[in-house]
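Just so you know, the sequences run in chain order A and V.
Convert by adding 451 to the 1-based position in the first sequence; the result is the number in our numbering.
Convert by adding 451 to the 1-based position in the second sequence; the result is the number in our numbering.
Heads up, the beta-carbon is just placed ideally off N, CA and C, and yes, glycines get one too.
Note that the structure is a prediction, hence the values are computed from the model and not measured.
For reference, the structure discussed in these notes is given below.
2 protein chains.
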Amino acid sequence: MNFPARQKKLREHLSTARYDALLVSHLPNIRYLCGFTGSAGLLLIEESGSVFFTDVRYDTQAHEEVKGAKVAITRKSPLTGVAEFLGKRRKRARKWSIATESEHLTVAEKKRLSQQSPSGVAFKDSAPVVERARMVKDADEMNHIREAVRLGARLFDRAVEVIRSSKNGGRKKSLREVEVAAEMELMARRSGAEAMSFPTIIASGARAALPHGRASEQTLTPDAFVVCDFGVILAGYCSDQTRSVWVGSAPGPAGSSADPFDARKVYEAVRDAQQAAIEAVRPGVAGGEVDAAARKVLRKAGLGRYFTHSTGHGVGLEIHEIPRVADGQTEILEPGMVITIEPGVYFPGKWGVRIEDMVVVTSTGCEVLTPTSKDFLAV
Amino acid sequence: MNFPARQKKLREHLSTARYDALLVSHLPNIRYLCGFTGSAGLLLIEESGSVFFTDVRYDTQAHEEVKGAKVAITRKSPLTGVAEFLGKRRKRARKWSIATESEHLTVAEKKRLSQQSPSGVAFKDSAPVVERARMVKDADEMNHIREAVRLGARLFDRAVEVIRSSKNGGRKKSLREVEVAAEMELMARRSGAEAMSFPTIIASGARAALPHGRASEQTLTPDAFVVCDFGVILAGYCSDQTRSVWVGSAPGPAGSSADPFDARKVYEAVRDAQQAAIEAVRPGVAGGEVDAAARKVLRKAGLGRYFTHSTGHGVGLEIHEIPRVADGQTEILEPGMVITIEPGVYFPGKWGVRIEDMVVVTSTGCEVLTPTSKDFLAV
Numbered sequence: 452m453n454f455p456a457r458q459k460k461l462r463e464h465l466s467t468a469r470y471d472a473l474l475v476s477h478l479p480n481i482r483y484l485c486g487f488t489g490s491a492g493l494l495l496i497e498e499s500g501s502v503f504f505t506d507v508r509y510d511t512q513a514h515e516e517v518k519g520a521k522v523a524i525t526r527k528s529p530l531t532g533v534a535e536f537l538g539k540r541r542k543r544a545r546k547w548s549i550a551t552e553s554e555h556l557t558v559a560e561k562k563r564l565s566q567q568s569p570s571g572v573a574f575k576d577s578a579p580v581v582e583r584a585r586m587v588k589d590a591d592e593m594n595h596i597r598e599a600v601r602l603g604a605r606l607f608d609r610a611v612e613v614i615r616s617s618k619n620g621g622r623k624k625s626l627r628e629v630e631v632a633a634e635m636e637l638m639a640r641r642s643g644a645e646a647m648s649f650p651t652i653i654a655s656g657a658r659a660a661l662p663h664g665r666a667s668e669q670t671l672t673p674d675a676f677v678v679c680d681f682g683v684i685l686a687g688y689c690s691d692q693t694r695s696v697w698v699g700s701a702p703g704p705a706g707s708s709a710d711p712f713d714a715r716k717v718y719e720a721v722r723d724a725q726q727a728a729i730e731a732v733r734p735g736v737a738g739g740e741v742d743a744a745a746r747k748v749l750r751k752a753g754l755g756r757y758f759t760h761s762t763g764h765g766v767g768l769e770i771h772e773i774p775r776v777a778d779g780q781t782e783i784l785e786p787g788m789v790i791t792i793e794p795g796v797y798f799p800g801k802w803g804v805r806i807e808d809m810v811v812v813t814s815t816g817c818e819v820l821t822p823t824s825k826d827f828l829a830v
Numbered sequence: 452m453n454f455p456a457r458q459k460k461l462r463e464h465l466s467t468a469r470y471d472a473l474l475v476s477h478l479p480n481i482r483y484l485c486g487f488t489g490s491a492g493l494l495l496i497e498e499s500g501s502v503f504f505t506d507v508r509y510d511t512q513a514h515e516e517v518k519g520a521k522v523a524i525t526r527k528s529p530l531t532g533v534a535e536f537l538g539k540r541r542k543r544a545r546k547w548s549i550a551t552e553s554e555h556l557t558v559a560e561k562k563r564l565s566q567q568s569p570s571g572v573a574f575k576d577s578a579p580v581v582e583r584a585r586m587v588k589d590a591d592e593m594n595h596i597r598e599a600v601r602l603g604a605r606l607f608d609r610a611v612e613v614i615r616s617s618k619n620g621g622r623k624k625s626l627r628e629v630e631v632a633a634e635m636e637l638m639a640r641r642s643g644a645e646a647m648s649f650p651t652i653i654a655s656g657a658r659a660a661l662p663h664g665r666a667s668e669q670t671l672t673p674d675a676f677v678v679c680d681f682g683v684i685l686a687g688y689c690s691d692q693t694r695s696v697w698v699g700s701a702p703g704p705a706g707s708s709a710d711p712f713d714a715r716k717v718y719e720a721v722r723d724a725q726q727a728a729i730e731a732v733r734p735g736v737a738g739g740e741v742d743a744a745a746r747k748v749l750r751k752a753g754l755g756r757y758f759t760h761s762t763g764h765g766v767g768l769e770i771h772e773i774p775r776v777a778d779g780q781t782e783i784l785e786p787g788m789v790i791t792i793e794p795g796v797y798f799p800g801k802w803g804v805r806i807e808d809m810v811v812v813t814s815t816g817c818e819v820l821t822p823t824s825k826d827f828l829a830v
């Protein structure tokens, strides 16, 4: 990772915005800028150099991990460390303007910073400049993201295997949602994942209608969809993928049922919506336009009001990043941005379907990163 | 869970502090007060009642989970939902003072709230009143905590089994730290844990000197300690436990080596320090006094400067809560508070030892919740 190059970009922003320094408090931003992976720290970026403040628990780790910044270990909190550091600086004579991350710094932290720092220092609320820089992934990041996506796809194969094997030998064993999640997470760990990107969603039967239905003690409902939405964190980078699998014998082809909302028909509509959104992704297009492409397909299928969330979001060091792919979003897509495309349809109390891939914006359109088939799958 | 009783306590605080309402934004506080377990929401508590705001993704879930508050679903963000709700209220004529959680609300969120709300509404910075209420656990909470601790202890037994079995049949297989973590996490999932309390620490050999050494790809170092620090979240409540296991044949008894820092001697010193801290826990004592009790033992053993973190912290819906058990902490312990006692000694680049139990303050002292033996264990 080229940490000095990333910091250099920010320094250019600092001088444009006439700040003397930027105080980075959001941990994923800190990791992006200097490589620190622990849970407590603050990074102060000035024209002349950077200093990373952390506490004694991270003494060894910070010295090992941090690149492009001096490491300052404090016996108190990193925040007090920063304030004391500023107090010792010689420039106190003149006013000092330090940008802070107002989307992350809490009201109380800002107050403590101001109280503990010398009187000439003014803490300003800055736009999310590091997040904006992080939207476009560099080559190192793309390598990590590709690996995370590949591992994620293997976990889905494992989930299918687990569901299938629960019916081995003719005897139909009941399988709990958490058991599917457990086997996926075991494979993730063994394959080097630091953690899952978010609590694994294995939502079966009526629970599939919950867009955020974490794996529960419920057994998989036969002759119904199970929505599997999951991801891994590998070397800091997240994957995010959803497939909706039919558990039981496959229903007839789309349209063979009189029910306007039969399983095949709805599945195909969601898949078409997802494909339309993927085809809408290219440089110069706004996030809102991609969202509209998916929504249009579902509206035509009479399913518009059952698509209750947005179409996607950026992914990287965090599972939810900018740009957002949602109604009204004007952020323009650029090559190197990585986003999810994940329309879904939910009938509350009944069932639901969601299909999600990760894609990277290319110079002419996008590349779908997730390798898993989206054909209707009955297990 | 008696959510109305918990909210009632806060209402008493509201009237004392002369706030018209409290806006709760910290998710564990929301869960504590109304039962919502999702990842987006705001709870507005007034004298006359409470309203919980969340977005469409959580429509079904919020209606199922939330007790003691009306549920308001917004197509925009919960924050905008709150602002619009305030805008529609009739009391606009007079000034309205709403307490916010300044330790959690970000600078940007507070700004947006103020901008979007009617002009008569003033958002004030409140002390962490919900966290203070959460320090003393009620009977329902203690049941959940005891179950989480019991499951945590079973995971440790599993870890020992995994380490032991890696040497089965005379052939010494190399075992990676992540494999130990993976097996523990598989058991946690199968036993109904929602998640681990924090990234599982399995830190072997020189990595044992990192107080936060997440399980890595490194294989377990023979004839050295492996520090196992882990916990589960069960029904929302966290467990936290550490044991340091000797991998290989047991070294001689403490003092049999000429090395002043031999493994047995250091282990016994940490254990004595932990016991001294446990014995110091009782109502009326400050967190700092408990910390001092552990520190005194290690200082006498010549190990004071290797004990680089604090002795413990509160545990409950969050893995780190108040009260803190650290140098200078004046918070007075009360019956029903649940804290960790976890002194450790670390020789950077060499090795480390930590022993951690969870205890609950009783009317006369404390009860150790963690059932696992603390005898020196060689596997």
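Item: Phe536 (chain A) (DSSP reduced to helix, strand or coil); Value: helix
Item: Rounded straight-line distance, which links the Cα of Glu498 (chain V) to that of Ala646 (chain A); Value: 42 Å
Item: Reduced DSSP secondary structure (H/G/I, E/B, other) of Ser655 (chain A); Value: strand
Item: Minimum Cβ-Cβ distance from Val677 (chain V) to chain A less than 8 Å; Value: no
Item: 8 Å Cβ cutoff, Tyr509 (chain V) in contact with chain A; Value: yes
Item: Chain B contact for Leu556 (chain V) (CB, 8 Å cutoff); Value: The chain inventory of the structure shown lacks chain B, comprising the protein chains A and V.
Item: Neighbourhood of Ser648 (chain A) by C-beta distance below 7 Å, restricted to the same chain and skipping five residues each side; Value: Gly682, Val683, Ile684, Cys689, Ser690, Asp691, Ile770
Item: Near-chain V residues of the segment 630-644 of chain A - C-beta to any C-beta below 7 Å; Value: Glu630, Ala632, Ala633, Glu636, Leu637, Arg640, Arg641, Gly643
Item: Unbroken stretches of the alpha helix (DSSP H), 4 residues or longer, contained in the segment 694-771 of chain V; Value: 714-731, 738-751
Item: Identity of the residue in V:Ala573, V:Glu560, V:Ile783 nearest Ala578 (chain A) by Cα; Value: V:Glu560
Item: Closest residue to Thr813 (chain V) among V:Gly787, V:Pro794, V:His663, V:Thr821 (Cα-Cα distance); Value: V:Gly787
Item: Val581 (chain V), DSSP secondary structure in three states; Value: helix
Item: Any beta strand (DSSP E) of 3 or more consecutive residues that is wholly inside the segment 553-579 of chain V; Value: 572-577
Item: Residues bridged to Arg462 (chain V) [DSSP beta-bridge criterion]; Value: Note: Arg462 (chain V) sits in no beta bridge, so no partner.
Item: Contact with chain V by Pro822 (chain A), beta-carbon distance below 8 Å; Value: no
Item: Min CB distance Asp742 (chain A) to chain V below 8 Å; Value: no
Item: Ala632 (chain V) and Ala666 (chain V) closer than 8 Å at C-beta; Value: yes
Item: 8 Å Cβ cutoff, Lys801 (chain A) in contact with chain V; Value: no
Item: Cβ-based contacts, 7 Å cut-off: residues of the segment 648-663 of chain A near chain V; Value: Pro650, Ala660, Leu661, Pro662, His663
Item: Contact set between Ser553 (chain A) and chain V, taken where Cβ atoms lie within less than 8 Å; Value: Thr557, Val558, Ala559, Lys562
Item: Cβ-Cβ distance between Phe758 (chain V) and Val796 (chain V) below 8 Å; Value: yes
Item: Span separating the alpha-carbon of Lys521 (chain V) from that of Gln566 (chain V); Value: 25 Å
Item: Under 8 Å from the C-beta of Asp576 (chain A): neighbouring residues of chain V; Value: Val558, Ala559, Lys562
Item: Val804 (chain V), enclosing beta strand (DSSP E) - first and last residue; Value: 802-805
Item: Exposed unless 16 or more other CB atoms sit within 10 angstroms - verdict on Asn480 (chain A); Value: buried
Item: Counted within 10 angstroms of its Cβ, other Cβ atoms place Glu730 (chain V) as buried (16 or more) or exposed; Value: exposed
Item: Beta-carbon proximity list for Gly621 (chain A), same chain, < 6 Å, skipping 5 on both sides; Value: A caution first: Gly621 (chain A) carries a pLDDT of 49, below 50, which makes its placement in the model too unreliable to give a value.
Item: Closest residue to Arg531 (chain A) among A:Ser548, A:Leu494, A:His555 (Cα-Cα distance); Value: Looking at the sequence shown, residue 531 (chain A) is not Arg but Thr. Measuring from the Cα of Thr531 (chain A), the nearest candidate turns out to be A:Leu494.
Item: Under 8 Å by beta carbon: chain V residues contacting Gly492 (chain A); Value: Neighbours of Gly492 (chain A) on chain V: none; closest Cβ ~12 Å, over 8 Å.
Item: Buried/exposed call for Ser617 (chain V), threshold 16 Cβ in 10 Å; Value: buried
Item: Chain V within 8 Å of Ala737 (chain A), Cβ atoms only; Value: no
Item: 8 Å Cβ cutoff met for Glu628 (chain A) and Ile653 (chain A); Value: yes
Item: Simplified DSSP state of Ala633 (chain A), which is helix, strand or coil; Value: helix
Item: Thr557 (chain A) beta carbon less than 8 Å from that of His555 (chain V); Value: yes
Item: Thr823 (chain V) - containing beta strand (DSSP E), residue span; Value: Taken as a continuous stretch (DSSP letters only), Thr823 (chain V) belongs to no beta strand (DSSP E), as it is neither H nor E.
Item: Span of the beta strand (DSSP E), counted from its first residue to its last, around Gly795 (chain A); Value: 795-798
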